[in-house]
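Q:
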Amino acid sequence: MTPEEVARLHQFRDGFTLVDYGEVGLPVFRLTIEAITTAQRAIPTIQEFVMRCFALGIEREAEVARMLGLKLEVVQAATNLLVSDAYALRYASALDLDNFRLTEAGEARLREEKLEVPQEEMLVIDYDGIRRLPIRLASANVHRAAELRAHGAIEIRPYPADAPPISELSIPDVTRVIRRQSGEDFRRTVLALKRIVRRNNLFREAVALVFAADRGSEIQIGFAIDGKLSDQHERAFAENGGPRKMGFVKSVGEGDVRRRLERLVGKEIIRSLPPRAQMLEMRSEQMLAEGEVRALAGAASAGGRNSPAAQALTAAQERLGLAEHAIESMPMRPLACYEQSQLLEEAIGAARKSLIVTSAGLQPAIVNSYVVRAFDRLLEKGAAIRIETVLTPTTKPRNGDYFDPLAELGRRMDNNALTLVKVASRELYFLVQDDDLAVVSNRPFLGEVSRKNGFIKVEGLVTRDPHYVRMIRETLLASTESRREKK
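Numbering that gives the first Met the number 0 numbers the first residue of the sequence shown as 0 and each following residue consecutively.
1) Which one of Val5, Ser92, Thr78, Leu88 has the shortest CA to CA distance from Glu103?
2) DSSP three-state call for Lys193: helix, strand or coil?
3) Among all the DSSP beta bridges, which residues are the ones paired with Leu354?
4) Thinking C-alpha only, which one of Ile124, Ala211, Leu201, Leu147 is nearest Ile170?
5) What does the alpha-carbon distance come out to for the pair Leu377 and Thr394?
6) Tell me whether Gln118 is buried or exposed, calling it buried when 16 or more other Cβ atoms sit within 10 Å of its Cβ.
7) So within the segment 117–183, which uninterrupted alpha helix (DSSP H) runs reach at least 4 residues, ignoring any that extend past its ends?
8) Using CA atoms only, rank isn't needed, just tell me which of Ala364, Ser440, Pro157, Asp403 is closest to Phe28.
9) Give the range of the alpha helix (DSSP H) segment to which Lys421 is assigned.
10) Once you ignore the five residues that flank His150 on each side, which residues in its own chain have a CB closer than 7 Å to its CB?
11) Going by DSSP, what residue range makes up the alpha helix (DSSP H) through Gly409?
12) Does the Cβ-Cβ distance between Leu30 and Phe202 come in under 8 Å?
13) Taking the alpha carbon of Leu17 as the point to measure from, which residue in Leu272, Gly221, Ser300, Glu238 has its own alpha carbon closest?
14) Can you tell which of Val116, Arg148, Pro163, Arg110 has the C-alpha that lies nearest to the C-alpha of Asp127?
15) What's the C-alpha gap between Ser181 and Met121?
16) Any idea what DSSP makes of Asp464, helix, strand or coil?
17) Please list, in chain order, all residues of the same chain as Gln46 whose beta carbon is under 7 Å from its beta carbon, the five residues on each side excluded.
18) Pick helix, strand or coil for Val209, following the three-state DSSP scheme.
19) Can you list, in chain order, the stretches of the alpha helix (DSSP H) that have 4 or more residues and sit fully within the segment 222–275?
20) Select from Thr188, Phe53, Leu354 the residue whose C-alpha is nearest the C-alpha of Ala38.
21) On the criterion of 16 or more Cβ atoms from any shown chain inside 10 Å, does Gln277 qualify as buried, or is it exposed?
22) Have a look at Gly302 and Ala311 and give me their C-alpha separation to the nearest angstrom.
23) Out of Asn200, Glu291, Glu327, point me to the one whose CA is closest to Arg318's CA.
24) So, for Pro330: in the same chain, excluding its five sequence neighbours on each side, which residues have a beta-carbon less than 7 Å away from its beta-carbon?
25) Assuming Leu427 and Asn441 make a contact with CB atoms under 8 Å, what is their CB distance in whole Å?
26) Taking just the CA atoms, how far does Asp172 sit from Val251?
27) Within 8 Å of any Cβ in chain D, is that where the Cβ of Pro242 sits?
28) Using the rule of at least 16 other Cβ atoms within 10 Å of the residue's Cβ for burial, across every protein chain shown, is Ala145 buried or exposed?
29) What residues in its chain sit with their C-beta under 7 Å from that of Gly254, if we drop five residues either side in the sequence?
30) Checking 8 Å against the spacing of the C-beta atoms, do Arg257 and Ile268 come in under that value?
31) Which two residues bound the contiguous alpha helix (DSSP H) that contains Ala349?
32) Just confirm the distance between the C-beta atoms of Leu263 and Thr474, as a whole number of angstroms; I'd bet it's less than 8 Å.
33) Between Ala212 and Phe15, how many whole angstroms is the CB-CB distance? I'm expecting something under 8 Å.
34) Can you check whether the CB of Leu190 is closer than 8 Å to the CB of Thr36?
35) I think Gly360 touches Gly446, with their Cβ atoms under 8 Å apart; what is that distance to the nearest whole Å?
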């Protein structure tokens, strides 16, 4: 599931509103531990069968070789090893000097078949930095800090910050989660944990969901792992003061944003927005319909076009279409935080004549090579693209040979293909596509100037009414000219 799908799925919480979300890395300590374990040492196959022959009274090496169908020298080599381990004894009979029999140790060893031998061993485990306990993870689910930063994800810090001392690790917990490269269960007995030899800081993929109380100033941060909410991570993070210590939620007062929106579109329009209860009901219907479509898709595909599952899927799709139409047909409505990236993608794909996007910065995680190519396709069709940021346009990459969206767009500006404008910092950001769509948000559409390291209370408006779209575009262009920095 994408982060947007996760946010949409878990958007409802009694007494709270989902105000932001984002990809995060939950802290994991990969610990290499020096331990004492018992290894089960089995008898080598040839030695075992030679011992069984001795136990049956076949005492001469030549007879054992014939019995087992082996060469004499192979049996002799196995016998010499058994004698050196004190499992077999050479003795002389009346007719032969090279007879063998098992010793008491050999008889006991043959009964046990496997022998446990203490040994020192290096064990590797993963330790959850939030819940403070050993866990078992697949390598594909963890990443280094540099990989997180490349994808624009936020690093969640562990509290306490340090990895656990060896005294806090219990043998049963460690044994249960020991990492094996082969993927097999750990079958030895751990006798003692001596010391932690190495600590590596890694991160586990998750999506953070930020909820603001409908009344009061309480903030709750949930974590979804593989699309499912983890109450244990949320509780442990809150109990250790994680949201406060990391300064996650910037103080963006609801009244301030509302006043800015009122100045933009007028008090009457803001007051005419649908009540929160109505929007919750409509979004709940949309989410239920989406869940029904997902649940029926597999069965419908397997059952054929006229199967009951296919008919049920068609009905669910119609239900979803009606729910989406009810939301999108509103002249103007509030923006949900998880919609912004989807609306940006829609606008880029649907623009015919004009596309305006305003932002603070240009983050490669958002303005990647695919988005730049989509801009190119729009330009080839003759569409006018205008992008406003607080950055000074340039054609030289700011970070060496790596992909730099500012330089990519700067080169297209030099070719008179698009308009890239530097403006003063603003409090509201805009997305305007033709006369079909306008979105206003307090979150930059193409990313912050620096890498994202926290969350805000996302608020904004969405309209598909041509009259309102034109009004917002004219207001934006007029304000840009007055705010544009003079060179």
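All residues carry an ideal CB built from backbone N, CA and C; glycine is no exception.
A: Reading off the structure:
1) Leu88
2) The three-state secondary structure of Lys193, taken from DSSP, is strand.
3) Ile384, Gln432
4) Ile124
5) 20 Å
6) exposed
7) 144–149, 170–176
8) Pro157
9) Here Lys421 belongs to no alpha helix (DSSP H); instead the beta strand (DSSP E) covers 418–421.
10) Glu22, Ala364
11) Element bounds for Gly409: 404–413.
12) no
13) Gly221
14) Pro163
15) Bear in mind that a pLDDT of 46 at Ser181, under 50, signals an unreliable position, so the model cannot answer this.
16) Coil.
17) Ala77, Leu80, Leu81
18) strand
19) Runs of the alpha helix (DSSP H) inside the segment 222–275: 230–238, 241–245, 253–264, 266–270.
20) When each option's Cα is compared against that of Ala38, the closest is Thr188.
21) exposed
22) 11 Å
23) Comparing Cα positions, the closest option is Glu291.
24) Thr462, Asp464, Tyr467
25) 6 Å
26) Its pLDDT being 38, under 50, Val251 is placed unreliably in this model, and the coordinates cannot settle the point.
27) Structure shown: chain D not included; a single protein chain is present.
28) exposed
29) Only weak support exists for where Gly254 lies, its pLDDT of 49 falling under 50; the value from the coordinates is given anyway. For Gly254, where only same-chain residues beyond five positions count, there are no Cβ hits under 7 Å.
30) The Cβ atoms of Arg257 and Ile268 lie no closer than 8 Å to each other.
31) 339–349
32) About 6 Å separates the two Cβ atoms, so the contact holds.
33) 6 Å
34) Yes, Cβ-Cβ distance for Thr36 and Leu190 is below 8 Å.
35) That pair is a contact at about 5 Å.
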